[in-house]
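Here the structure comes first, spelled out in structure tokens, and everything after it is commentary.
Residue numbers (our numbering): 14 to 525.
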């Protein structure tokens, strides 16, 4: 047997970044930095670890933590998600071109507890549902007693402080790492950086503010052709769930940047903006969060973005469209009905099903991969069944009851609000042009289930356009290779397929 064991992150990175349906934790739980996940999320299957809990916990903590820069000019700087870790005593050092990093400071930055057992020369790193064990003088680790996971150079004790090589964070924790000798800088991140691109010369971008003068102003970018004749058709891009920047950056992807530039090159102005749960995360009080719904998360700001475009004399106010991805696509009919008043709706990887139904399917798929001999499998299956029964009645749950409950680890109040505003019913009542796009390789929203439901919902609307793209994933990126079919593929930099952008542009032009 190969004891190196391939690391299959199986949707971890996706969950870490809070995107639509990737985990039991939505944006609310990222804000709370809570852990509401299946009881057994480190699974052993066919010689591979599916280390869900570990990376979910680590990467959700990272964006919520701030670090001070070490004062030593000669010290190796270690950046965690772009922020420098502060090493107050023991400093990182080079050992034959391998960066050695103090364990405790790095673990603290990652939100992990460190336990050192001197007699055994053993170190244990703890997160809520996992234990990572390794020894001084050895280069292997075990997670919840299962391993070994090899990480190159041995862990060492130096001046009373334990050090591990930079490779530890990649080989054991599954994070992206790199070292730039010229800058004397090491990087630890959830994924490789997205592909860097320069704004095409024929385009121009300007900074705008959505909701200026309100309690939650949002910085945005308006992308337009440099040479434009007459008022332009335009589109508002609406994110999936989770704290998201204006590019909807996830792992190695920037899908909203790709879409904005691609459409603008074809004569369509595009507005994208920072999401409220990113820009104003620190503003939410417990009282506000208790009654936080998708209206505050997504809908109100998308409506404000629509109104901003319509006031711009360079924009054709009668030709402003919404392009919603994931949760944004699911909410597009409601955004339109509650004040967006768009010329048409583009739904990318959305669904007509309740959110809780997809959360159930996502987690059932995870439980199904567990070995039948593992007693945790039955426990998890029973828990899922209990939550599903609760979810089935959530729409009729009294408001006060919903305030004190959760379903699949998500606030019942949030899910109840979504169920009351049924996407399928809103689509049926709408007379707006609609385009539905779906990737066949999407493992978050299913082509054989959710796309089929769109076909059924739109069968009496002959003008509706539905397109299924072979080989494209949830972000409409064509990927094949290591980690395919899991969130590990999101760690590999990629771009939205140009055909998808061309199809959207053509559809808008035909509705103009």
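A virtual CB, placed ideally from N, CA and C, is assigned to each residue, including glycine.
TODO: Mind reading off the beta-carbon distance from residue 447 to residue 481? Whole number of angstroms is fine, and I expect it under 8 Å.
DONE: Within the chain shown, numbered from 1, the residue matching residue 447 stands at position 434. Within the chain shown, numbered from 1, the residue matching residue 481 stands at position 468. At roughly 15 Å, the Cβ-Cβ gap does not stay under 8 Å, so residue 447 and residue 481 are not in contact.
Open item on the list: Assuming residue 323 and residue 330 are in contact, meaning their beta carbons sit under 8 Å apart, how far apart are those beta carbons, in whole angstroms?
Closed with: For the purposes of this step, residue 323 is identified with residue 310 of the chain shown, where counting begins at 1. For the purposes of this step, residue 330 is identified with residue 317 of the chain shown, where counting begins at 1. That pair is a contact at about 4 Å.
Open item on the list: Helix, strand or coil, according to DSSP, for residue 338 in the structure here?
Closed with: By one-based count along the chain shown, residue 338 stands at place 325. Correct three-state label for residue 338: strand.
Open item on the list: Could you check whether residue 147 and residue 338 sit closer than 9 Å to each other, using their CB atoms as the reference points?
Closed with: On the chain shown, position 325 is the one that residue 338 refers to. On the chain shown, position 134 is the one that residue 147 refers to. No, they are not a contact pair.
Open item on the list: Beta-carbon within less than 7 Å of residue 257's beta-carbon, same chain only, minus the 5 sequence neighbours each way: which residues are those?
Closed with: Numbered from its first residue, the chain shown carries residue 257 at position 244. Hits under 7 Å: 288, 291.
- [ ] Decide yes or no for the touch test of the region 342-352 against the region 491-510: beta carbon pairs closer than 8 Å, at least 3 of them.
- [x] no
Open item on the list: I need the DSSP call for residue 452, collapsed to helix, strand or coil.
Closed with: Indexing the chain shown from 1 puts residue 452 at position 439. Strand, per DSSP.
- [ ] Taking residue 198 as the reference, give the member of 91, 408, 242 with the closest Cα.
- [x] One-based indexing of the chain shown puts residue 198 at position 185. Residue 91 is the option with its Cα nearest to residue 198.
Task: Neighbourhood of residue 524 by C-beta, 7 Å cutoff - its chain only, sequence neighbours within 5 removed - done: Here the question's residue 524 lines up with position 511 in the chain shown. 356, 357, 446, listed in sequence order.
Task: As assigned by DSSP and simplified to three states, the class of residue 246 - done: Along the chain shown, one-based indexing puts residue 246 at 233. Here residue 246 sits in strand by DSSP.
Open item on the list: Please tell me whether residue 276 and residue 202 are closer than 9 Å, where the distance is taken between their beta carbons.
Closed with: On the chain shown, residue 276 is found 263 positions in, with the first residue counted as 1. On the chain shown, residue 202 is found 189 positions in, with the first residue counted as 1. Not a contact, by the Cβ cut-off of 9 Å.
Open item on the list: Measuring only the C-alpha atoms, how far is residue 370 from residue 400?
Closed with: Against the chain shown, residue 370 aligns to sequence position 357. Against the chain shown, residue 400 aligns to sequence position 387. For residue 370 and residue 400, the distance between alpha carbons rounds to 10 Å.
Task: Nearest-angstrom Cα separation, counted from residue 255 out to residue 41 - done: Translated into positions along the chain shown, residue 41 becomes position 28. Translated into positions along the chain shown, residue 255 becomes position 242. Bear in mind that a pLDDT of 32 at residue 41, under 50, signals an unreliable position, so the number given afterwards is only what the model happens to contain. In a straight line, the C-alpha of residue 41 is about 8 Å away from that of residue 255.
Task: Closest by C-alpha distance to residue 208, when choosing among 267, 309, 157 - done: Taking the first residue of the chain shown as 1, we reach residue 208 at position 195. Among 267, 309, 157, the Cα nearest to that of residue 208 is on 267.
Task: Given residue 350 as reference, the closest of 230, 452, 443 once Cα atoms are compared - done: By 1-based counting over the chain shown, the position of residue 350 is 337. Comparing Cα positions, the closest option is 443.
TODO: Using three-state DSSP, classify residue 174 as helix, strand or coil.
DONE: Position 161 of the chain shown, counted from the first residue, corresponds to residue 174. DSSP places residue 174 in strand when its eight states are reduced to three.
TODO: Report buried or exposed for residue 259, applying the criterion of at least 16 other Cβ atoms within 10 angstroms of its Cβ.
DONE: The residue you call residue 259 lines up with position 246 of the chain shown. Burial call: buried.
Open item on the list: Using 8 Å as the cut-off, can you tell me whether the region 304-316 makes contact with the region 235-248, which would need three or more C-beta pairs spanning the two stretches below that distance?
Closed with: no
- [ ] Specify the secondary structure class of residue 343 as computed by DSSP and reduced to three states.
- [x] Within the chain shown, residue 343 is the residue found at index 330, counting from 1. Correct three-state label for residue 343: helix.
TODO: Buried or exposed for residue 381, please, with buried defined as at least 16 other CB atoms from any protein chain shown within 10 angstroms of its CB.
DONE: As a first step, residue 381 is located in the chain shown; it is residue number 368 there, counting from the start. Exposed is the call here.
Task: Residues near residue 270 by beta carbon distance below 7 Å, same chain, minus five either side - done: Here residue 270 refers to the residue found at position 257 when the chain shown is read from its first residue. Around residue 270: 260.
Task: Where the alpha helix (DSSP H) containing residue 193 begins and where it ends - done: What you label residue 193 is simply residue 180 of the chain shown in a count that begins at 1. No alpha helix (DSSP H) contains residue 193, which is instead part of the beta strand (DSSP E) from 189-193.
Open item on the list: With DSSP as the reference, identify every bridge partner of residue 91, one or two as the case may be.
Closed with: As a working mapping, residue 91 is identified with position 78 in the chain shown. 199.
Open item on the list: Just verifying my parser: in three-state terms, what is the DSSP assignment at residue 322?
Closed with: Start at 1 with the first residue of the chain shown, and residue 322 comes out as number 309. Residue 322 falls in the helix class under three-state DSSP.
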